[in-house]
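Under our numbering, the letters of the sequence shown match residues 178 to 636, in that order.
Written below as structure tokens is the structure these notes are about.
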Amino acid sequence: MKKTIPTIALIVLFSWSVFVPTVVPAFATGQFLQMPIRVHHGPIICAIEPHADPNFPTVGKQLLDETEYAVIDWKAKLNQGLGRHPVWNITLVKVPISQQNSFNYTECDITIKYFPQPQKNSNGFIATGVTIPNFETGKTNIEIYYLDVEPNWIKKEWTVGGQMYYTYVDEPQYTGLVATSTQLDSTIRHEIGHSFGLGHYIVPYDRLRNIINGLEDMPSIMIDAVTILGVKHYDITPLDVAQVKSTYGDGGFDNPIQKKDYHHMVHQISMSKQYYQPGEEVTLDVNTGMFDDKSFAEILVIDSNNTMIENIGISKLNSTIPLGNAYQKNEKYLAEMINPITGDWDFASFTVGVPISQITNMNQNIPVLQTQIPSWVKNNAKLWSQNLIPDEEFVKGLEFLSVQGMIKIPHSIDENNLGRIPVWIKTAAKLWSTGEISDDEFVRGLQYLTDNGIIPAQK
178 MKKTIPTIAL IVLFSWSVFV PTVVPAFATG QFLQMPIRVH HGPIICAIEP HADPNFPTVG
238 KQLLDETEYA VIDWKAKLNQ GLGRHPVWNI TLVKVPISQQ NSFNYTECDI TIKYFPQPQK
298 NSNGFIATGV TIPNFETGKT NIEIYYLDVE PNWIKKEWTV GGQMYYTYVD EPQYTGLVAT
358 STQLDSTIRH EIGHSFGLGH YIVPYDRLRN IINGLEDMPS IMIDAVTILG VKHYDITPLD
418 VAQVKSTYGD GGFDNPIQKK DYHHMVHQIS MSKQYYQPGE EVTLDVNTGM FDDKSFAEIL
478 VIDSNNTMIE NIGISKLNST IPLGNAYQKN EKYLAEMINP ITGDWDFASF TVGVPISQIT
538 NMNQNIPVLQ TQIPSWVKNN AKLWSQNLIP DEEFVKGLEF LSVQGMIKIP HSIDENNLGR
598 IPVWIKTAAK LWSTGEISDD EFVRGLQYLT DNGIIPAQK
């Protein structure tokens with residue numbers, strides 16, 4: 178005889194992962210989890226038009242339109258009852274493909290990008306969207322995935338003491354079709370809520386079942402999207418509005434005086450070392466001494482473009498996290514930890530490739546002109562480091578520096594052979610564009626490339 182075990186709801190922390198904690202907090206009616214993100218003024222949300230998808234030629238326009246409707250909805254709900262004196266200011270900037278090379282991304286507080294599915298999907302990560310904070314810069318990225326996700330109920334069987342048990346667990350999957358408007362609309366509103374600092378809204382299993390079966394409306398737009406696939410009715414609810422206002426006060430995003438303190442930074446994660454070579458095993462140490470048996474948290478690893486590389490669930494049992502040897506790309510990475518119950522957070526950085534200090538030390542004797550580099554060159558370097566402009570645009574800045582005598586390039590650069598530029602120079606470009614290294618240090622690094630033939634030149 179087989180006994181049926183009630184299906185356990187899949188809990189997803191911040192639309193980041195499908196990590197299921199061994200102990201899920203039980204709330205009698207419902208409660209928001211913590212999300213340690215805050216905007217510090219009326220946010221500028223930049224929606225980046227995706228490149229054309231031959232399978233879905235109109236999806237780009239649809240995504241930008243749905244995002245505009247979502248922003249209007251959030252503004253309307255937050256400002257409801259304020260008449261002609263709204264205080265909740267949100268600015269949406271749509272960035273079409275034609276403007277992306279010249280656009281000033283530094284103005285964006287929240288950047289929304291659109292992809293068919295997660296770019297890094299080695300561990301079977303399934304989501305309709307993710308919110309990716311960067312605790313170092315204070316900026317937030319949102320990724321919206323426009324492929325349809327459907328439930329996929331799998332029967333699980335096991336035996337205890339000769340008695341066989343079974344249950345059904347939902348392991349959602351992408352269908353290959355474009356998502357419904359309902360999935361896109363609710364996901365975009367949901368992820369924008371995360372970027373304002375709302376965590377997931379957790380409800381007991383019986384309420385979740387009623388919502389899925391259409392017997393109860395969603396009490397919050399912040400219920401994890403993957404757990405309620407197929408639900409037709411969604412809305413930004415009074416609960417969501419009240420949670421935002423309890424965080425920022427009634428004066429809006431521009432009223433910092435009443436903001437709740439969210440700086441629960443705890444020093445719980447560290448790296449065994451700061452620099453690694455490409456392909457070297459990377460290990461993250463987690464101080465789980467502050468965890469109890471019911472604690473859980475999430476580790477998110479992001480690259481310098483705020484792209485999610487890994488997402489790992491942790492508990493008291495796993496204090497050493499091997500990140501593996503998949504880090505072949507030469508750049509800086511952040512490992513970020515969030516405890517959704519307490520709101521505690523921490524981050525540690527590590528760099529793969531040659532440290533910029535080694536580059537500058539090798540070039541201490543290279544003469545460099547003490548001339549201020551124009552801001553457009555620095556802006557190009559930043560955009561290039563974020564893969565937002567092609568190599569050719571970055572090269573224009575190098576050629577300008579050469580003409581001005583700041584670096585010496587004996588021949589014109591062959592733009593057809595730029596693949597030999599090492600990727601780690603993008604790390605230097607980003608550090609320079611954010612003021613973490615000086616003009617002289619950056620120019621010395623460029624001169625090192627030219628002197629050693631790393632930047633190819635035509636004879």
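Heads up, the beta-carbon is just placed ideally off N, CA and C, and yes, glycines get one too.
Can you name the residues that DSSP bridges to residue i?
i: D462; result: S447, T497
i: M485; result: I479
i: T528; result: Y452, K509
i: T288; result: C223, N318
i: S492; result: F473
i: I309; result: N318
i: V408; result: Per DSSP, none; premise fails for V408.
i: Q294; result: Note: Q294 sits in no beta bridge, so no partner.
i: Y504; result: Y504 pairs with nothing; no bridge assigned.
i: M399; result: Partner(s): none; M399 has no beta bridge.
i: T336; result: M341
Throw me the rounded Cβ distance for the residue i and residue j pair, which I believe falls under 8 Å.
i: G374; j: I486; result: Between I486 and G374 the Cβ distance is about 24 Å, and since that is not below 8 Å, they are no contact.
i: I405; j: E368; result: That pair is no contact at about 15 Å.
i: K509; j: S481; result: 5 Å
i: I479; j: L500; result: Rounded, the Cβ-Cβ distance is 12 Å, inconsistent with contact.
i: S447; j: F468; result: Rounded, the Cβ-Cβ distance is 16 Å, inconsistent with contact.
i: G490; j: N507; result: Incorrect: roughly 28 Å between the Cβ atoms, too far for contact.
i: L324; j: P293; result: 5 Å
i: L565; j: Y282; result: 7 Å
i: Y378; j: G207; result: 6 Å
i: T314; j: H371; result: About 17 Å; that fails the 8 Å criterion.
i: N483; j: N311; result: 5 Å
i: I518; j: Q211; result: 7 Å
i: F430; j: H262; result: With a Cβ gap of about 15 Å, F430 and H262 do not count as contacting.
i: D555; j: S610; result: A quick correction: the sequence has Lys, not Asp, at residue 555. Correct: roughly 5 Å between the Cβ atoms.
i: G237; j: A247; result: The pair is not a contact, with the Cβ atoms about 16 Å apart (cut-off 8 Å).
i: I289; j: I222; result: 6 Å
i: I287; j: I319; result: 6 Å
When every heavy atom of the ligand NAD is checked, does at least one fall within less than 8 Å of the C-beta of residue i?
i: E245; result: Here there are no bound small molecules, and the ligand NAD is not part of this structure.
Residue range of the beta strand (DSSP E) that residue i falls in?
i: V272; result: 268-272
i: S552; result: That residue, S552, is in no beta strand (DSSP E); its alpha helix (DSSP H) goes 552-562.
i: V355; result: 350-355
i: I319; result: 317-322
i: G370; result: It is not in any beta strand (DSSP E) - G370 instead sits in the alpha helix (DSSP H) that spans 358-372.
i: P517; result: Neither: P517 is in no beta strand (DSSP E) and is coded neither H nor E.
i: L392; result: Counting along the chain, L392 falls outside any beta strand (DSSP E), and DSSP gives it neither H nor E.
i: L375; result: 375-379
i: L210; result: 208-211
Let's see if you can read the secondary structure: which residues bound the alpha helix (DSSP H) around residue i?
i: L240; result: 236-255
i: Q276; result: Note, Q276: premise wrong, no alpha helix (DSSP H); not H, not E.
i: Q420; result: 415-425
i: I389; result: 382-389
Taking Cβ positions only, does residue i come closer than 9 Å to chain C?
i: T424; result: Within the model displayed, chain C is absent; a lone protein chain is all it includes.
Closer than 8 Å is the cut-off here; do at least three beta carbon pairs connect the segment 404-421 with the segment 252-264? A contact between stretches requires three or more CB pairs, one per stretch, nearer than 8 Å, and the segment 404-421 meets this requirement with the segment 252-264.
Three-pair Cβ contact test at 8 Å for the segment 334-346 versus the segment 386-396: No, the segment 334-346 is not in contact with the segment 386-396.
Taking three-plus beta-carbon pairs below 8 Å as touching, is the segment 322-334 in contact with the segment 266-282? The count of Cβ pairs closer than 8 Å, one atom from the segment 322-334 and one from the segment 266-282, stays below three, leaving the stretches out of contact.
Three-pair Cβ contact test at 8 Å for the segment 356-363 versus the segment 373-387: Contact between the segment 356-363 and the segment 373-387 is absent, because fewer than three Cβ pairs lie under 8 Å.
Check whether the segment 233-246 touches the segment 449-463, counting contact only when three or more Cβ pairs, one atom from each stretch, lie closer than 8 Å. Here the segment 233-246 makes no contact with the segment 449-463; the two share fewer than three CB pairs at distances below 8 Å.
Contact between the segment 551-571 and the segment 603-610 is defined here as three or more beta-carbon pairs at a separation below 8 Å; is this criterion met? Judged by Cβ distances under 8 Å, the segment 551-571 makes contact with the segment 603-610, as three or more pairs qualify.
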